[in-house]
Each structure stands twice: as C-alpha cells, then as structure tokens.
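Input: a single structure, listed below in structure tokens.
There are 2 protein chains.
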Amino acid sequence: MKRPLILVTNDDGFHAPGINALTEVALGFGDVLKVAPDKPQSGMGHAITINSTLRIEKMPAEGYEAYQCTGTPVDCVKIALDVILDRVPDLVISGINHGSNASINVIYSGTMSAAMEGYIEGVPSIGFSLLDHTVDADFTTAKIYAEKIIREALNQKDQTYCLNVNIPKLEPDLIKGIRCCRQAHAKWQEEFDRRTDPSGRDYYWLTGHFVQFEQSEEVDLWALKQGYVSVVPVSYDLTHFKTLETLKTWNL
Amino acid sequence: MKRPLILVTNDDGFHAPGINALTEVALGFGDVLKVAPDKPQSGMGHAITINSTLRIEKMPAEGYEAYQCTGTPVDCVKIALDVILDRVPDLVISGINHGSNASINVIYSGTMSAAMEGYIEGVPSIGFSLLDHTVDADFTTAKIYAEKIIREALNQKDQTYCLNVNIPKLEPDLIKGIRCCRQAHAKWQEEFDRRTDPSGRDYYWLTGHFVQFEQSEEVDLWALKQGYVSVVPVSYDLTHFKTLETLKTWNL
C-alpha cells in the first residue's frame, strides 16, 4: 500500500505547540507536508487574501516538508494543494487548535475553515481542537484521540467529509469515548471593553461570554461536558432548507 | 406603527457605491444606522478581530447615523448591536456587494458573514450582491429588487432568517423575477500567479476560475443565468446530517 500523504495546517501559526503535536501524530501514518501561517490567525474564519500577495518560505523540518505562508489558514490550504503539492493528499488535518471550536465557534474558526477548504477541494479533512486555549496546553489526550480518529479516517474508502473534532481538557483515563454529534445552538454574547488611549480617543477590545441555548444529548457541547470527544461533520452547503419552505409564503 | 430600524453594513468599505445604493433604499423604510469597515474587506469571510483593538468613527451623514469601523464586516455588526445601538434593529442588510456571492462564494464573503452575524444575534438579515465587481457598477436594477425584498421582509412577523440575494447584471426589464433556491455545488479552481520581486524572491497572487458541478433548476447559479434574482436562505448550523449517518459505520 502506498503511504498516505497528509497535509497539516492550523490557525495558531507555524510555531504553535498544537501543530507540532498534530504533525507528530501524522508522521505515524505517512508522508507529511506542513503549511501553516507565519503568525497567529485565530478568528480569521474563511478569510482569503485577494488584495495583497502571498509568500511561502521553506522551513527546516526533520522527516517531512514544511513551509510557512504569509496568508490565512485557507490560503495555506489553497497554496499547498495548488502550488506545493504535485498530487492530491489523502487527508487534510488542521490544528490542534489551542481552544474550543465546538458549536458556533466553527463559524469564526480559522482551524475549521482550513479543514473546510480541503473538503471543498474534495479532500477528506479534519479539524482538531483542544478545550484549553493556553500556549502551554497539554496535548497528551488530544494526540491519543487525533491518532485514533486519523487511523479510522484513513481506513475509509471513497468518502469525503469535514469533521470538527473537539477534545475535553481531561487526562486520557477520564475521557468517556468519542461521540458523533450535531452542532449545538449557542452564541457569543459580546461585551465590548471600552478604553481610552493616551490621546483621549476611545478604542474597544472584543470580549464576551458564551451562551448555550440547548442542552440536548445530541449536541457537541453536551458531549464535551460529559467528558466525550465530540465529532461534528460539517457542510459547505449553507442552504437553510426549512426557511426555503417558509419563503413560499412570501410575496416575492 | 413604529418606524423600523435598519442596520446597513458591507464588506467593500464605507465609501463603496454599493452601500450608498443600499442606504438610499433603506431610508425609504425607516431609521438607518450605517456601520461599515473603513477599508475594503472582501474575502474576509467570518473573520473577527480578537488580537487587536477596534475603533469607530462617527461620519457625516444626512438623515441617518453613520460610523466607520477599523474591523471586519462581522466586527461592524457586533459593535453596532452591542455598542452603538440601544435597541435591537428590525433588519440587518449588507451590501450591495460589488460582485457575486452566489453558490460557494457565500463561504468566503464578508458581505454574507456580516448578514450571518446579524442572524446569529437573532435579527432577520439579508445580504445583497450584484453580479458586477466593477467600482462603477450600475445599481439601478439591484436597488429595485433590494427595495422589493426589504419591503416584503419587513412585512413578516416573528421570523428570523438570513437571505443571500444575488442580482444579475441586467437592465430592470430583462429580469424575469425572483427565485428562491438552494446553493449550487461549485468551487473555485485556484491558479496561483507566481511572480518574482526585484530582489529575486517569489510571490503569488491568488487567482482562479469558477467550476460549477451541477445544472439543476433548483440552484442559484441556474436562476441567475436565466435572468432571475436568486434568494438562498442560509444557516449557521453547519452540521452535515448525511455524514452524521455515515459516521455510524466508522469504528470510533
């Protein structure tokens, strides 16, 4: 069997501990190409660079190829697939993100947008996130479950998908297992922190707290709270079919 | 009846002709607050500003309130709802974008992410895009249909939704009507344009062409090609329910 080719990216930047952990896991399965942003890109969503130029720089790496890129996480995937690689990878993996991308966070997440871009290109893709946003987060548990999920993903034939995997901040023996879920209905309630600069002008920091609207056992936030690793398959078809029905009653 | 309050934003920036056209339409219906990025933010997707500060600046405007904001389109909606306004608007409208946001473009679009953010906050929201990306695009047709759709939206009671409206580049009398659709399956096929800078280092421009995978009469690209204004309701629940079924066969 040919060794699988795995593209590894993230949004926390080339030097983040989380992508190093994920790269180590990927090297257990096949050939690895790492292409990551040259600076942190958290909260970049599905941003792409169209009004400025992109550069890539080959970086030293042992046993695999690595580049840092001046663009967004989505740019990294595009440039990896279209410029750096001469064959289609078997898997795109993104992360391990320092912090949760469960529920509505998927919308704002550069980690998940990178995975989504792989999926749009027809490559099975998985984003991994650990529920610990600190730079010195312990990735032991996350690596165990990334390894398990990547192994099973590589066993599948002729499927494309994009998975949003979130891992609780727990010791490995406290994890109850893996649970496939739907995205919980929740949102960020913003609380802008207003400050005044030395010249007397106001500026704002975006802060907020998370509001969960449902407690169903079917959703990712429930699974994570119980100590499960959550897996939510995501779609790039955003059509809201229920509203499409409602629109028939509009006079358009 | 109380005059409706309408929040107007975009991703082409505060001074783009498209948002001026949309503001004119909005003023026919109620009180208007315009909050738009201080520079073009096309392709920003659902990006938010978390590692730097945001500023807003009150701008001169006749008959309405206006601010420009240093952030992304999504930041504009957040700061409008949470800092500038003291009541919830009746409608968030975004655009009129210079260029299509039909099909997969919805994923990359700052215009649509701004509308989506309104929807996440529980406010009915509509993004409008004209299939002409030039700065001197003619918004005559787009204004007529924006007016028609906003009027009908304000007639609805107790609904929340986010609509992705695209308008063909056609004279008003050549438009066949409005068609509610689902998002067409398509993607951008990237073609990175590699160049060399004066110091001999490579850099890239992201370019590409659009590939449409389906011709169904149910999809937005079909409607637009036939001369209809397309309306696709969009969702922030990205769960791919079909894949959720498939995952049951995985050994997780």
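From first to last, the protein sequence lines are chains A and B. For the first sequence, the positions run 6 to 257 when the working numbering is used. For the second sequence, the positions run 6 to 257 when the working numbering is used. Where a beta carbon is used, it is the ideal one built from N, C-alpha and C, also for glycine.
| Item | Value |
| --- | --- |
| Thinking A96 (chain B) and N171 (chain B) are a contact (beta carbons under 8 Å), I'd like their distance in whole angstroms, please. | Contrary to the premise, residue 96 (chain B) reads as Leu rather than Ala in this sequence. With a Cβ gap of about 18 Å, L96 (chain B) and N171 (chain B) do not count as contacting. |
| At the level of alpha carbons, what is the spacing between L252 (chain B) and E126 (chain A)? | 21 Å |
| In chain order, which continuous runs of the beta strand (DSSP E) of length 3 or greater are located wholly inside the region 14-52 of chain A? | 36-42 |
| Could you name the residues of the region 48-70 of chain B whose beta carbon sits closer than 8 Å to any beta carbon of chain A, in the order they occur along the chain? | G48, M49, G50, H51, A52, I53, T54, I55, N56, T58, L59, R60 and I61 |
| Any C-beta of chain B sitting closer than 7 Å to the C-beta of P94 (chain A)? | no |
| So does the region 52-72 of chain A actually touch the region 27-41 of chain A, counting three or more Cβ pairs closer than 8 Å? | yes |
| How big is the Cα-Cα spacing for R184 (chain A) and H103 (chain A)? | 21 Å |
| Which residues of chain A have a Cβ atom closer than 7 Å to the Cβ of E4 (chain B), listed in chain order? | For residue 4 (chain B) there is no data in the structure shown, the boundaries of chain B being 6 and 257. |
| State whether the region 105-112 of chain B contacts the region 182-196 of chain B, with contact taken as three or more CB pairs (one from each stretch) at a distance under 8 Å. | yes |
| To the nearest angstrom, how far is it from the Cα of C81 (chain A) to the Cα of E62 (chain B)? | 34 Å |
| Measuring only the C-alpha atoms, how far is I53 (chain A) from V79 (chain A)? | 6 Å |
| Starting from the C-beta of A120 (chain B), find all residues in its chain whose C-beta is less than 7 Å away, skip the five residues before and the five after it, and write them out in chain order. | V97, S99, S130, I131, G132 and C167 |
| Per DSSP, which residues does M64 (chain A) bridge with? Please list them. | A:A71 |
| Less than 6 Å between C-beta atoms, sequence neighbours within five positions excluded: which residues of the same chain meet that for E195 (chain A)? | G213 |
| Using only alpha-carbon positions, find the residue among A:T244, A:P238 and A:D242 that is nearest to F246 (chain B). | A:P238 |
| For the region 209-227 of chain B, list every residue whose C-beta sits within 8 Å of some C-beta in chain A, in sequence order. | Y209, W210 and L211 |
| Using the beta-carbon of each residue, which ones in chain B are nearer than 9 Å to N106 (chain A)? | Those do not exist, as N106 (chain A) stays about 11 Å from chain B at its closest Cβ, beyond 9 Å. |
| Which first and last residues belong to the alpha helix (DSSP H) in which Y124 (chain B) is found? | G115 to I125 |
| Please list, in chain order, the chain B residues whose beta carbon lies closer than 7 Å to that of S235 (chain A). | Result: empty, since nearest Cβ-Cβ is about 11 Å, beyond 7 Å. |
| Output, in chain order, the set of chain A residues within a Cβ distance shorter than 8 Å of V111 (chain B). | L243 |
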